[in-house]
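Novice:
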Amino acid sequence: EKDGFDHYMLKEIHEQPRSLRNTMAGRIDEAKREIAMPDLGLLPEAVKEIEKIYIVACGTAYHAGMIGKHVFESLAHIPVEVDVASEFRYRNPLFSQKMLTVVVSQSGETADTLAALREAQRNGSRVLAITNVVGSSIAREADYVITTNAGPEIAVASTKAYTSQVIAFYLLGLYFAQVKQTIAANEREALLHAMTQLPDQVEKILTHADEIRAYAASIKDESQMFFIGRGLDYAVSLEGSLKLKEISYIHSEAYAAGELKHGTLALIEEGTRVVALSTQAHLHEKMVSNITEIKARGAVVLGIALEDNMELHRSVDDVCLIPATHPLLAPILSVIPLQLISYYTAVALGNDVDRPRNLAKSVTVE
Ligand code: M6R
């Protein structure tokens, strides 16, 4: 069942080249070089009317939603708010008919996400669901559904579901941008081309898993870890940090790098381990200055950067390079080493990787 892998989590990490292909399959019209969403039911006229989007989800799906916000805002020029479902449903959000609520849920059964969907519909908002389970409660009740087609995810720590959710956001963002004509044809084609390369690029990162295993061995006895980044890298940092604490039980915090000096910097001392993501060229200089600040206080930093950016080497202790891609797509690649760090750390600690303590795969109670 585990296809020769020691755990479902490792199997699912390695399945990502295939699950990503499956999420994209049939949704990119190669001949016309555009997005085709034949099964979505959200017609171009309806897309043109959307003035605001709420993205609502829990845990890892919420982190995918943070990427979704960047995608919709930068490609389709629609303002987006992202919220965790358990907050959203109790804060009396303002709705209008020109709004679209997007709920994200691997299982399609998360209680708070389902309740948020119902709350949105009750207030006149249409709901689009991004889910991995056909026929789930969320899939049945939503007005529109994008199935991620990642295949069953067994490990409690979500990996392939996350990357497929992020791909679903790219497809959706590009579709909206196409309809609203907020993206030039050449930019759209460049993005589509880069998307089709992602599965092979993930494969390539996975061939370097042993280097990550060595890094994991070096952090397994830490009592705390930090993940820092800006923009999309901050969203990925949150996911890397959640993944680590969920199965290794090491206390870990993700921080927007620019916020460090507003408090968290006080926790950095000699030997503190930090993973710093820097995949966004326009933020690179700012990241280097944040890294310099923490290194001056003794932090030991692993940098994660695109391979066409060699400057990071000078400011970090160790670097993990990932294949170059369009900046918007970098999260799909930069999250892979973070998934592997979390996996190998938990293995090194002898933890029950697939069934971490206190957690359930699907949270169907509030
Ligand atoms: O099934 P869902 O996507 O709605 O689940 C949401 C979260 O419970 C889930 O992503 C959780 O955070 C994962 N265990 C993280 O790895």
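Count along the sequence shown from 1, add 244, and you get the number used in the UniProt record's numbering. Beta carbons: idealized from backbone N, C-alpha and C, even for Gly. Remember, it's a predicted structure, so these values are computed and weren't measured experimentally.
1) Got a sec, what are the start and stop residues for the beta strand (DSSP E) Gln468 sits in?
2) Which first and last residues belong to the beta strand (DSSP E) in which His495 is found?
3) Give the secondary structure of Leu372 by DSSP, where H, G and I count as helix, E and B as strand, and everything else as coil.
4) Quick one: is the Cβ of Gly303 within less than 6 Å of any heavy atom of ligand 1?
5) Suppose the cutoff is 6 Å on Cβ atoms and the five residues either side in sequence are ignored; what does the same chain contact list for Arg517 look like?
6) Whose C-alpha, out of Asp561, Pro396, Thr426, Ile390, is nearest the C-alpha of Val410?
7) Under the rule that 16 or more other beta-carbon atoms within 10 Å means buried, what is Pro323, buried or exposed?
8) Pick from Leu572, Lys276, Gln350: whose alpha carbon is nearest that of Tyr414?
9) Consider the C-beta atom of Val480 and the heavy atoms of ligand 1; say whether any pair is separated by less than 6 Å.
10) Take Ala386 as the anchor and find which of Asn534, Val346, Asn595, Leu593 has the nearest alpha-carbon.
11) Tell me, please, which residues DSSP counts as bridged to Tyr459.
12) Roughly how many angstroms separate the alpha carbons of Arg384 and Gly352, rounded to a whole number?
13) Is the beta carbon of Ile494 sitting closer than 7 Å to the one on Ile512?
14) Our contact map puts Ile580 next to Ile449 with C-beta atoms below 8 Å; I'd like the distance itself, whole angstroms only.
15) Under the rule that 16 or more other beta-carbon atoms within 10 Å means buried, what is Val326, buried or exposed?
16) For Gln425, count neighbouring C-beta atoms within 10 Å of its own C-beta (all shown protein chains included) and say buried if the count is 16 or more, exposed if not.
17) For the alpha helix (DSSP H) that Ile311 lies in, which residues bound it at each end?
18) Across the stretch 293-311 and the stretch 332-346, are there enough close Cβ pairs to call them in contact, namely three or more that are closer than 8 Å?
19) In chain order, which continuous runs of the alpha helix (DSSP H) of length 4 or greater are located wholly inside the UniProt domain "SIS" (459-600)?
20) Under the criterion of a Cβ to heavy atom distance below 6 Å, does Gln350 qualify as lining ligand 1?
21) For a minimum of 4 consecutive residues, which ranges assigned as the alpha helix (DSSP H) are wholly contained in the UniProt domain "SIS" (287-426)?
Specialist: If we stick to the structure as given:
1) Note, Gln468: beta strand (DSSP E), 468-473.
2) Segment 495-500, the beta strand (DSSP E) holding His495.
3) Leu372: strand per DSSP, three-state reduction.
4) Because some heavy atom of ligand 1 lies under 6 Å away, the Cβ of Gly303 counts as near it: yes.
5) So the qualifying residues of the chain are Ile463, Glu466, Met469, Val544.
6) When each option's Cα is compared against that of Val410, the closest is Ile390.
7) With a threshold of 16 other beta carbon atoms within 10 Å, Pro323 falls short and is exposed.
8) Of the residues Leu572, Lys276, Gln350, the one whose Cα lies closest to the Cα of Tyr414 is Leu572.
9) Because no heavy atom of ligand 1 lies under 6 Å away, the Cβ of Val480 does not count as near it: no.
10) The shortest Cα separation from Ala386 among Asn534, Val346, Asn595, Leu593 belongs to Val346.
11) Residue pairing from DSSP leaves Tyr459 without any beta-bridge partner.
12) If you take the alpha carbons of Arg384 and Gly352, they lie about 9 Å apart.
13) Against a cut-off of 7 Å, the Cβ pair of Ile512 and Ile494 comes out as no contact.
14) That pair is a contact at about 5 Å.
15) Buried, since its Cβ has 16 or more Cβ neighbours within 10 Å.
16) Result: exposed.
17) Boundaries of the alpha helix (DSSP H) around Ile311: 303-315.
18) The stretch 293-311 makes contact with the stretch 332-346; the number of CB pairs closer than 8 Å reaches 3 or more.
19) Here the runs fully enclosed are 476-492, 528-540, 574-592.
20) Indeed, a heavy atom of ligand 1 lies less than 6 Å from the Cβ.
21) If only complete runs of 4 or more residues are kept, the UniProt domain "SIS" (287-426) shows the alpha helix (DSSP H) at 288-293, 303-315, 329-332, 355-366, 381-385, 404-424, in order along the chain.
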